[in-house]
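A.B. asks: Sharing a structure here in C-alpha cells format.
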Amino acid sequence: FSLLAKELNPNHLAVCAEEGAGFAFGCSRSASASMMEEGPPNSSEDQQGWFTARNGSGSSLDLESVVQPLALNPWDVVLCISGTIISCENAIVVVVIFYTPAFRAPMFLLIGSLATADLLAGLGLILHFAFVYFIPSEAVSLLTVGLLVTSFTASVSSLLTITIDRYLSLYNALTYYSEKTVTRTYIMLILTWGASICYGLLPIMGWNCLKEPSTCSIVKPLTKNHLIILSVSFFMVFAVMLQLYVQICKIVCRHAHQIAVQRHFLASSHYVTTRKGIATLAVILGTFASCWLPFAIYCLLGDYSYPALYTYITLLPATYNSMINPVIYAFRNQEIQKVLWTVCCGCFSSTMPFRSRSPSDV
17 FSLLAKELNP
27 NHLAVCAEEG
37 AGFAFGCSRS
47 ASASMMEEGP
57 PNSSEDQQGW
67 FTARNGSGSS
77 LDLESVVQPL
87 ALNPWDVVLC
97 ISGTIISCEN
107 AIVVVVIFYT
117 PAFRAPMFLL
127 IGSLATADLL
137 AGLGLILHFA
147 FVYFIPSEAV
157 SLLTVGLLVT
167 SFTASVSSLL
177 TITIDRYLSL
187 YNALTYYSEK
197 TVTRTYIMLI
207 LTWGASICYG
217 LLPIMGWNCL
227 KEPSTCSIVK
237 PLTKNHLIIL
247 SVSFFMVFAV
257 MLQLYVQICK
267 IVCRHAHQIA
277 VQRHFLASSH
287 YVTTRKGIAT
297 LAVILGTFAS
307 CWLPFAIYCL
317 LGDYSYPALY
327 TYITLLPATY
337 NSMINPVIYA
347 FRNQEIQKVL
357 WTVCCGCFSS
367 TMPFRSRSPS
377 DV
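Put into C-alpha cells, the structure is as follows:
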C-alpha cells in the first residue's frame with residue numbers, strides 16, 4: 017500500500033490526481049511517462065515525494081523529508097473510517113470472549129480468532145493511513161502491509177475453520193463434545209495463524225517490488241506473484257466453504273425431515289424450517305462472496321499500471337466483510353447477547369450460567 021520511490025513535482029501530482037491514482041497505490045504509466053519527458057527536478061523545492069533516487073539512478077532509494085504535505089485522498093479517509101468501525105466492533109467481541117470464562121468452548125475460540133484477525137485488520141487500516149500521511153517510511157510501510165496481509169488472511173482462514181467446525185458438529189454430533197474436538201480446534205488455530213503470519217512476512221523478508229517497479233501488483237509494494245498466490249488461496253478456501261455449506265444444507269434438510277416425521281409435523285412446517293436454515297447459510301456464504309470475490313478477481317486480472325481507483329473500489333467491499341463478521345458470528349449468538357446486555361445494565365457477573373450451544377446455532 018505504500019508509494020513507490022519517485023521524484024514528483026506538483027505537475028506530476030496533478031497527473032496522478034486526474035487519473036484517479038491515490039497516493040496509497042502510486043501513479044499510472046502515463047504519469048511516469050510525463051515525469052520522464054519533463055526531466056528531473058532542478059531544485060529541492062520540487063521534491064514532494066517520500067523517496068528520491070540516489071544519484072538519479074532509481075535503483076537505490078533514500079528517504080527524503082516531505083517538503084509539502086500530501087494531498088488527502090478521500091478513498092484513504094474512507095478506508096481509515098472503515099478500519100475504525102471494524103476495530104471497535106471486534107474489540108468488543110474479543111473483550112467479551114476473553115473475560116468470560118464460560119466462553120472457552122471450541123466454537124467461541126474460533127469466533128475469538130475471527131474477531132482478533134478482523135481487529136488487527138482494522139488497526140492495520142488505521143496505521144496505514146497514519147503512516148502514509150504523517151510518518152512516511154519504507155520500513156514502516158512494509159510492516160503495515162505485512163500486518164494487513166496477515167490479518168485479512170487470518171480472517172478468511174478463520175471463516176473456513178468456523179465452517180469446518182459447523183460441519184463436524186452436525187456430521188459427528190454424538191462425538192463433537194469431546195477432548196478430540198478441543199485438540200482439533202487448537203490445531204486449526206495454529207495452522208491458520210501460522211500460514212497467515214508466513215504470508216504477511218513475505219514483503220518484509222524482501223518479496224516486494226520497491227526495487228523493481230515492473231513486478232508490482234495493483235497493491236504496492238506487493239508483487240504480482242505474491243498477490244496471485246493470495247488470490248488462488250482465497251479461491252481454494254471459497255471452494256471448500258461452498259462444498260461444506262452444501263453438505264450442511266443436506267444435513268439440515270435431512271434432520272428437519274426426520275424431526276417432522278417423528279413429531280408428526282405438517283409438511284408446511286418442515287418446509288418453513290428447512291427454508292429458514294438454507295436462507296441463513298445462503299446469507300453467510302453470499303456475504304463472504306460478494307465482499308471478497310471482486311477484489312480477488314481483480315488481483316488476477318489487474319495490472320500495476322491500472323488506475324488506483326479500481327483497486328479502491330474492489331478493496332473497500334473486502335474490508336466490509338470484517339465489519340459484517342461480528343454481526344453474523346458473534347452478536348447473533350444468544351450467550352454473547354446476554355453478556356452484552358448484562359454489561360450494559362451494569363451488573364456483569366463472570367459466573368453467569370450459560371447453556372452450551374451447538375456451533376450450528378451460531
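Each residue of the sequence shown is one higher than the one before, starting from 17 at the first, in our numbering. Here a beta-carbon is modelled for each residue, glycine too, at the ideal position from N, C-alpha and C.
1) Going by Cα to Cα distance, which pick from VAL299, MET123, PHE150 and THR335 is closest to THR201?
2) Tell me the residue span of the alpha helix (DSSP H) that contains GLU228.
3) Considering only the beta carbon of each residue, do ALA346 and ILE151 sit closer than 8 Å?
4) Give, in chain order, every unbroken run of the alpha helix (DSSP H) that is at least 4 residues long and sits entirely within the stretch 168-244.
5) Does DSSP put VAL359 in a helix, a strand or coil?
6) Quick one: Cα of LEU176 to Cα of VAL253, how far?
7) Evaluate SER230 with the Cβ neighbour count: other Cβ atoms within 10 Å of its Cβ, from every protein chain shown; 16 or more gives buried, anything less gives exposed.
8) Nearest to LYS354 by alpha carbon, out of ILE113, ASN89 and TRP308?
9) State whether the stretch 156-168 contacts the stretch 180-194, with contact taken as three or more CB pairs (one from each stretch) at a distance under 8 Å.
10) Using 10 angstroms around the beta-carbon of ILE344, count the other beta-carbons present and answer buried if the total reaches 16, otherwise exposed.
11) To the nearest angstrom, how far is it from the Cα of LEU139 to the Cα of VAL359?
12) Answer yes or no: do THR169 and SER233 have a C-beta to C-beta separation smaller than 8 Å?
13) Output yes or no for whether 8 Å exceeds the beta carbon distance between VAL165 and GLY216.
14) For a test of the three-state rule: what should DSSP assign to THR330, helix, strand or coil?
15) Just the Cα atoms here: how many angstroms apart are CYS307 and THR335?
16) So what's ASN89 in DSSP terms, helix, strand or just coil?
17) Flag this pair as yes or no: are the beta carbons of LEU260 and THR179 separated by less than 8 Å?
18) Which residue wins for smallest C-alpha separation from LEU125, given the options ILE206, GLN274, LEU297 and LEU317?
19) Taking 8 Å as the limit between beta carbons, can you name the residues of its chain near ILE294, skipping five residues before and five after?
20) Count Cβ pairs between the stretch 130-138 and the stretch 86-95 that sit closer than 8 Å; are there 3 or more?
21) Whose C-alpha, out of TYR193, LEU316, ILE300 and SER153, is nearest the C-alpha of ALA121?
22) For LEU331 versus PHE304, is the C-beta spacing smaller than 8 Å?
23) Since ALA6 is in the alpha helix (DSSP H), which residue starts that stretch and which ends it?
24) Give the secondary structure of ASP134 by DSSP, where H, G and I count as helix, E and B as strand, and everything else as coil.
25) Take LEU317 as the anchor and find which of LYS240, LEU143 and GLY302 has the nearest alpha-carbon.
26) Taking its Cβ as the centre, do 16 or more other Cβ atoms sit within 10 Å of PRO90, making it buried, or is it exposed?
27) For LYS292, does the count of other Cβ atoms within 10 angstroms reach 16, so buried, or fall short, so exposed?
28) Could you tell me whether the Cβ atoms of MET339 and ILE108 are closer together than 8 Å?
29) Apart from the five residues just before and just after CYS361, which ones in its own chain have a Cβ nearer than 6 Å to its Cβ?
30) Are SER8 and THR197 touching if we call contact CB-CB under 8 Å?
31) By how many angstroms is the C-alpha of GLY99 removed from the C-alpha of LEU141?
32) So for TYR149, helix, strand or coil by DSSP?
33) Our contact map puts THR327 next to VAL262 with C-beta atoms below 8 Å; I'd like the distance itself, whole angstroms only.
C.D. replies: Answer, in terms of the structure:
1) MET123
2) That residue, GLU228, is in no alpha helix (DSSP H); it is neither H nor E in DSSP.
3) no
4) 195-220
5) helix
6) 7 Å
7) exposed
8) ILE113
9) no
10) buried
11) 25 Å
12) no
13) yes
14) helix
15) 8 Å
16) coil
17) yes
18) ILE206
19) CYS265, VAL268 and CYS269
20) no
21) TYR193
22) no
23) This structure does not reach residue 6, given that the chain is present from 17 up to 378, and the question cannot be answered.
24) helix
25) LYS240
26) exposed
27) exposed
28) no
29) none
30) Any question about residue 8 goes unanswered here, given that the chain covers just 17 to 378.
31) 5 Å
32) helix
33) About 32 Å; that fails the 8 Å criterion.
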